[in-house]
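Q: These protein sequence lines are chains A and B, in that order.
Per our numbering, residue 28 is the first one in the first sequence, and the count goes up by one each step.
Per our numbering, residue 28 is the first one in the second sequence, and the count goes up by one each step.
Where a beta carbon is used, it is the ideal one built from N, C-alpha and C, also for glycine.
Computed from a prediction, not measured in an experiment: that's the story for all the values here.
For reference, the structure I am asking about is given below.
Protein chains: 2
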Amino acid sequence: MNNTTSETRTVQLDDIARELGISKTTVSRAISGKGRVSEKTRERVLDCIRVMNYSPNMIAKSFSEKKTYNIGVVIPMDNMETEAPFFQTCLMGITKCCALRNYDTLVISTERDDVSQLRRVLESRKTDGIIITRPLQSGSMEQLLVSMGVPYVTVGQSSDLDAVTIDSAHKEGSYELTSYLLMNNKPQKLGLILGSMEQTVNRSRYEGFVRAVESSGALVPNKTVFLGVNGEMQLRRVIDDLLQRECSCIICGDDMICMYAVNMLSSIGKVIPRDIRVASLYNSMYLDMYSPPITALSFRAGDLGATAANLLLDMLEGKDTSRETMLGFEMLIRKSTM
Amino acid sequence: MNNTTSETRTVQLDDIARELGISKTTVSRAISGKGRVSEKTRERVLDCIRVMNYSPNMIAKSFSEKKTYNIGVVIPMDNMETEAPFFQTCLMGITKCCALRNYDTLVISTERDDVSQLRRVLESRKTDGIIITRPLQSGSMEQLLVSMGVPYVTVGQSSDLDAVTIDSAHKEGSYELTSYLLMNNKPQKLGLILGSMEQTVNRSRYEGFVRAVESSGALVPNKTVFLGVNGEMQLRRVIDDLLQRECSCIICGDDMICMYAVNMLSSIGKVIPRDIRVASLYNSMYLDMYSPPITALSFRAGDLGATAANLLLDMLEGKDTSRETMLGFEMLIRKSTM
DNA sequence: GTGAAAGCGCTAACAG
DNA sequence: CTGTTAGCGCTTTCAC
Chain A
28 MNNTTSETRT VQLDDIAREL GISKTTVSRA ISGKGRVSEK TRERVLDCIR
78 VMNYSPNMIA KSFSEKKTYN IGVVIPMDNM ETEAPFFQTC LMGITKCCAL
128 RNYDTLVIST ERDDVSQLRR VLESRKTDGI IITRPLQSGS MEQLLVSMGV
178 PYVTVGQSSD LDAVTIDSAH KEGSYELTSY LLMNNKPQKL GLILGSMEQT
228 VNRSRYEGFV RAVESSGALV PNKTVFLGVN GEMQLRRVID DLLQRECSCI
278 ICGDDMICMY AVNMLSSIGK VIPRDIRVAS LYNSMYLDMY SPPITALSFR
328 AGDLGATAAN LLLDMLEGKD TSRETMLGFE MLIRKSTM
Chain B
28 MNNTTSETRT VQLDDIAREL GISKTTVSRA ISGKGRVSEK TRERVLDCIR
78 VMNYSPNMIA KSFSEKKTYN IGVVIPMDNM ETEAPFFQTC LMGITKCCAL
128 RNYDTLVIST ERDDVSQLRR VLESRKTDGI IITRPLQSGS MEQLLVSMGV
178 PYVTVGQSSD LDAVTIDSAH KEGSYELTSY LLMNNKPQKL GLILGSMEQT
228 VNRSRYEGFV RAVESSGALV PNKTVFLGVN GEMQLRRVID DLLQRECSCI
278 ICGDDMICMY AVNMLSSIGK VIPRDIRVAS LYNSMYLDMY SPPITALSFR
328 AGDLGATAAN LLLDMLEGKD TSRETMLGFE MLIRKSTM
């Protein structure tokens with residue numbers, strides 16, 4: 028009866044049904060909890076499953092339910108971002124959280140606002156929903172998602188105002204840090220270096236900066252504000268410029284920019300904070316470890332990821348979720364701005 | 028005939044078959060290239076597919092073919108490794124490479140040698156094969172994989188001697204760098220700090236170090252060799268010890284250890300390389316950017332990932348692959364050891 | 001409370 | 001070269 032081929036066939040619903048002398052329908056119900064099954068049968072089934080070491084073929088289940096139990100996570104793989112700790116940590120948070128709810132995580136790459144990989148995955152119907160870890164102003168991902176009717180969550184502000192979003196308080200953080208720097212150590216001549224303004228996060232950062240400057244009664248120092256800075260060479264020119272204009276404090280958009288900046292400064296003999304102060308609008312372990320350690324805003328990337336995952340899974344399960352969730356930040360005042 | 032419900036039903040094989048007045052078998056064959064189809068029919072099918080914007084339901088395909096077109100990538104999410112650039116870069120290489128061959132990447136987390144997530148994914152049958160990015164001496168992942176008959180590739184040496192492996196020449200690199208440091212700047216008193224010896228990569232590094240020392244005619248300086256160093260506190264004690272023993276040069280196992288080490292050294296006023304020299308057996312962008320930049324071995328994590336993916340996919344497609352592939356390294360001699 | 005049967009969208013014998 | 005048919009392993013009506 029059992030065909031004992033060399034490949035040990037994996038045990039499936041039928042097997043445990045036959046073993047128990049009941050129908051696989053009942054077994055299915057006992058497992059899923061949908062429909063009524065007598066307490067006694069349920070226990071027998073659950074026991075048998077354990078004994079026979081049954082575990083469902085998720086592909087068959089997917090096929091039947093039209094639900095994959097996978098979510099896709101779009102991660103930037105541009106040169107500049109490839110090694111940014113944020114995305115890695117965020118992905119960990121997502122993956123761990125999904126695993127707890129028996130979902131898996133599919134990685135989707137993007138560079139700039141390329142949606143080809145996202146489209147490929149969506150067309151394959153391998154995911155139930157998507158997390159965008161770096162929303163862009165263009166909103167092309169969101170458009171695609173909406174047009175295909177696929178649920179998604181963005182980590183950071185989306186240009187799709189209806190998008191479910193989990194964000195860190197970048198604007199508020201930027202505001203606070205800028206204000207702090209303006210209050211402290213007067214007279215202060217601030218410089219600002221931000222990455223691509225296509226990234227919504229950089230817009231939030233900029234907004235916070237501008238508000239802080241304005242509410243201090245000053246004018247935005249356009250000559251020392253550099254937006255859309257990208258790549259090492261461009262950054263070098265910006266730094267030179269900032270030094271030329273005798274900036275007393277440089278605010279860097281994120282940890283990567285900050286690392287480059289700090290390095291360039293010290294390579295030309297500038298001592299932080301004696302000669303110039305430096306702060307970052309995004310902390311990472313690399314800034315913790317610099318000497319002197321760098322003043323920075325600290326956000327919990329892992330928590331962001333976990334929250335994004337929970338939001339998305341809640342949506343998939345039909346619960347309603349708040350449109351926007353905000354996580355706080357911590358301001359780490361350290362020696363680089365003393 | 029077409030039920031125009033609110034949800035636009037996705038076009039499937041039947042639709043284009045009906046459209047063309049042929050059977051879906053023929054359509055399937057035209058797409059896959061398996062079985063013979065007249066050139067004319069094939070073209071008609073391919074055209075129709077384009078026009079009707081058909082794209083196959085991969086879940087149905089998976090179910091039918093018993094092949095998921097997914098590979099699982101096991102990534103360590105221990106505290107220490109969570110932000111290590113290696114795994115991120117490796118994952119990018121894998122993901123990009125898989126995408127080219129129309130596969131997707133499922134992330135599987137692990138801490139230490141926990142196999143629970145791997146087991147969960149394997150039991151779900153959601154992947155065709157696995158890449159282990161941090162093989163451990165215990166080999167528990169490999170055992171599980173072998174016992175379930177799932178193909179896999181390890182990035183780095185595996186304790187399973189039959190495992191298909193793609194590795195960087197860590198041993199050779201470690202040998203070369205150590206030799207270089209021994210030749211240069213005599214007299215040299217070397218210290219070595221390695222992470223967990225459960226990780227096979229650290230064993231390779233250690234082996235290279237030992238060989239280099241021995242072939243220089245010296246004895247392995249056991250008092251200044253620290254294996255299995257883990258966590259900031261332990262590292263601090265090790266560094267203190269190395270200073271006490273008047274080490275002239277510290278070799279760090281990887282970029283993370285090196286960053287901590289360099290930071291601790293400069294926080295107690297040690298100047299590199301004047302007071303003490305520092306090198307790392309694994310480079311990352313963070314070491315590039317230190318000042319002074321740190322002498323280190325450079326491996327191409329992205330290439331490793333891409334190669335691992337190609338190997339695995341080749342295996343899945345039944346091609347045979349060499350058991351072990353080795354990628355080279357570059358020795359970056361920089362100011363930290365001058 | 002339980003079972004029989006249909007069906008998810010594709011592939012793969014087998015027959016022509 | 002093409003079509004018919006039978007699954008793949010689940011979930012889910014529908015009937016009892």
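What are the residues that DSSP puts in a beta bridge with Glu357 (chain A)?
A: In DSSP, Glu357 (chain A) forms a bridge with A:Ser325.
Q: Find the nearest neighbour of Ile158 (chain B) within the set B:Val142, B:Leu40 and B:Val182, judged by alpha-carbon distance.
A: For Ile158 (chain B), the nearest C-alpha among the options comes from B:Val182.
Q: What residues from chain A crowd round Lys123 (chain B), counting only those whose CB sits closer than 8 Å?
A: Result: Met104 and Ser136.
Q: For Asn29 (chain A), which residues from the same chain have a beta carbon less than 7 Å from its beta carbon, with the 5 sequence-adjacent residues on both sides left out?
A: Because Asn29 (chain A) carries a pLDDT of 33, less than 50, the predicted location of this residue cannot be relied on, and no value is offered for it.
Q: Would Ala87 (chain A) count as contacting chain B if we go by Cβ distances under 9 Å?
A: Yes, because at least one Cβ of chain B sits closer than 9 Å to the Cβ of Ala87 (chain A).
Q: Would you identify the three-state DSSP class for Gln226 (chain B), choosing helix, strand or coil?
A: Three-state result, Gln226 (chain B): strand.
Q: Could you check whether Val180 (chain A) and Ser144 (chain A) sit closer than 9 Å to each other, using their CB atoms as the reference points?
A: According to the sequence shown, residue 144 (chain A) is Gln rather than Ser. No, they are not a contact pair.
Q: Taking the C-alpha atoms as reference points, what is the distance between Leu366 (chain B) and Arg128 (chain A)?
A: For residue 366 (chain B) there is no data in the structure shown, the boundaries of chain B being 28 and 365.
Q: Note the first and the last residue of the continuous beta strand (DSSP E) segment covering Pro103 (chain B).
A: Per DSSP, Pro103 (chain B) belongs to the beta strand (DSSP E) from Asn97 to Pro103.
Q: Check Gly200 (chain B) in the structure and name its three-state DSSP category.
A: Three-state DSSP puts Gly200 (chain B) in a helix.
Q: Where does the unbroken alpha helix (DSSP H) through Leu118 (chain B) begin, and where does it stop?
A: Looking at the DSSP string, the run of the alpha helix (DSSP H) that includes Leu118 (chain B) is Pro112 to Leu127.
Q: Please name the residue or residues paired with Thr192 (chain B) in a DSSP beta bridge.
A: DSSP lists B:Thr181 and B:Glu351 as partners of Thr192 (chain B).
Q: Using beta carbons (cut-off 9 Å, strictly below), is Phe236 (chain B) in contact with chain A?
A: By this cut-off, Phe236 (chain B) is not an interface position.
Q: For Tyr313 (chain A), go through chain B and note every residue whose CB falls closer than 8 Å to its CB, in chain order.
A: Correct list: Met286 and Tyr313.
Q: Got a sec? Which residues, its chain only, sit under 7 Å from Val252 (chain B) by beta carbon, not counting five neighbours each side?
A: Cβ neighbours of Val252 (chain B) beyond the five flanking positions: Leu219.
Q: Hey, out of B:Val237, B:Asp194 and B:Val191, whose CA is closest to Glu203 (chain B)'s CA?
A: Taking only the C-alpha atoms, the option nearest Glu203 (chain B) is B:Val237.
Q: Taking 8 Å as the limit between beta carbons, can you name the residues of its chain near Thr32 (chain B), skipping five residues before and five after?
A: Low per-residue confidence applies at Thr32 (chain B): pLDDT is 33, beneath 50, and the placement is therefore not dependable, though the value from the model is reported in the following sentence. Nothing listed; no residue qualifies.
Q: According to DSSP, simplified to helix, strand and coil, what is Leu269 (chain A)?
A: Three-state result, Leu269 (chain A): helix.
Q: Report the residue from B:Gln271, B:Gly222 and B:Arg230 whose alpha carbon sits nearest the alpha carbon of Glu259 (chain B).
A: Of the listed residues, the one whose Cα sits closest to Glu259 (chain B) is B:Gly222.
Q: Look at the alpha carbon of Lys362 (chain A) and the alpha carbon of Ala126 (chain B), and state the distance between them as a whole number of angstroms.
A: Lys362 (chain A) and Ala126 (chain B): Cα-Cα distance of roughly 45 Å.
Q: Of all the CB atoms in chain B, is at least one closer than 9 Å to the CB of Ser151 (chain A)?
A: Closer than 9 Å: yes.
Q: Does the beta carbon of Arg147 (chain A) come closer than 9 Å to any beta carbon on chain B?
A: Yes - at least one Cβ of chain B is within 9 Å of the one on Arg147 (chain A).
Q: Report the partner residues of Ala306 (chain B) according to the DSSP bridge assignment.
A: In the DSSP output, where bridge partners are listed per residue, Ala306 (chain B) has B:Ile278 and B:Thr322.
Q: Chain B beta carbons: is any one of them nearer than 9 Å to that of Ser185 (chain A)?
A: For Ser185 (chain A), the answer is no, since every Cβ of chain B falls outside 9 Å of its Cβ.
Q: Quick one: is Ile135 (chain A) buried, meaning 16 or more other Cβ sit within 10 Å of its Cβ, or exposed?
A: Looking at its Cβ environment, which holds 16 or more other Cβ atoms inside 10 Å, Ile135 (chain A) is buried.
Q: Can you list, in chain order, the residues of its chain whose CB lies under 8 Å from that of Leu118 (chain A), leaving out five sequence neighbours each side?
A: Counting only Cβ-Cβ distances below 8 Å, and skipping sequence neighbours, we find Val100, Ile102, Thr132, Val134, Thr160 and Gly332.
Q: So, for Arg71 (chain B): in the same chain, excluding its five sequence neighbours on each side, which residues have a beta-carbon less than 7 Å away from its beta-carbon?
A: These residues qualify, in order along the chain: Leu47.
Q: Measuring straight from C-alpha to C-alpha, what distance separates Thr154 (chain A) and Gly280 (chain B)?
A: So the two alpha carbons sit approximately 39 Å from each other.
Q: Do the CB positions of Gln115 (chain A) and Glu138 (chain B) come within less than 9 Å of each other?
A: In this structure, Glu138 (chain B) does not lie closer than 9 Å to Gln115 (chain A) by Cβ.
Q: Excluding the 5 residues preceding and the 5 following Gly166 (chain B) in the sequence, name in chain order all residues of the same chain whose CB lies nearer than 6 Å to its CB.
A: Excluding positions up to five away in sequence, the list reads Ser186 and Asp187.
Q: Below 7 Å on C-beta distance, what does Thr95 (chain B) contact in chain A?
A: What Thr95 (chain B) touches in chain A: Ile86.
Q: Classify Asn30 (chain A) as helix, strand or coil using the three-state DSSP reduction.
A: Confidence in Asn30 (chain A) is poor, its pLDDT being 33 and thus under 50, which makes the residue's placement too unreliable to answer from.
Q: By the DSSP assignment, the alpha helix (DSSP H) with Ser143 (chain B) in it spans what residues?
A: Taken as a continuous stretch (DSSP letters only), the alpha helix (DSSP H) holding Ser143 (chain B) covers Ser143 to Ser151.
Q: Would Glu225 (chain B) and Gln164 (chain B) qualify as a contact pair, given that the criterion is a beta-carbon distance under 9 Å?
A: Yes, Cβ-Cβ distance for Glu225 (chain B) and Gln164 (chain B) is below 9 Å.
Q: Alpha carbon to alpha carbon, how far is Ile76 (chain A) from Asp282 (chain B)? Give it in angstroms, no decimals.
A: One C-alpha to the other measures close to 47 Å.
Q: Please classify Ser294 (chain A) as buried or exposed, where buried requires at least 16 other C-beta atoms within 10 Å of its C-beta.
A: By the neighbour-count rule (16 or more Cβ atoms within 10 Å), Ser294 (chain A) is not buried but exposed.
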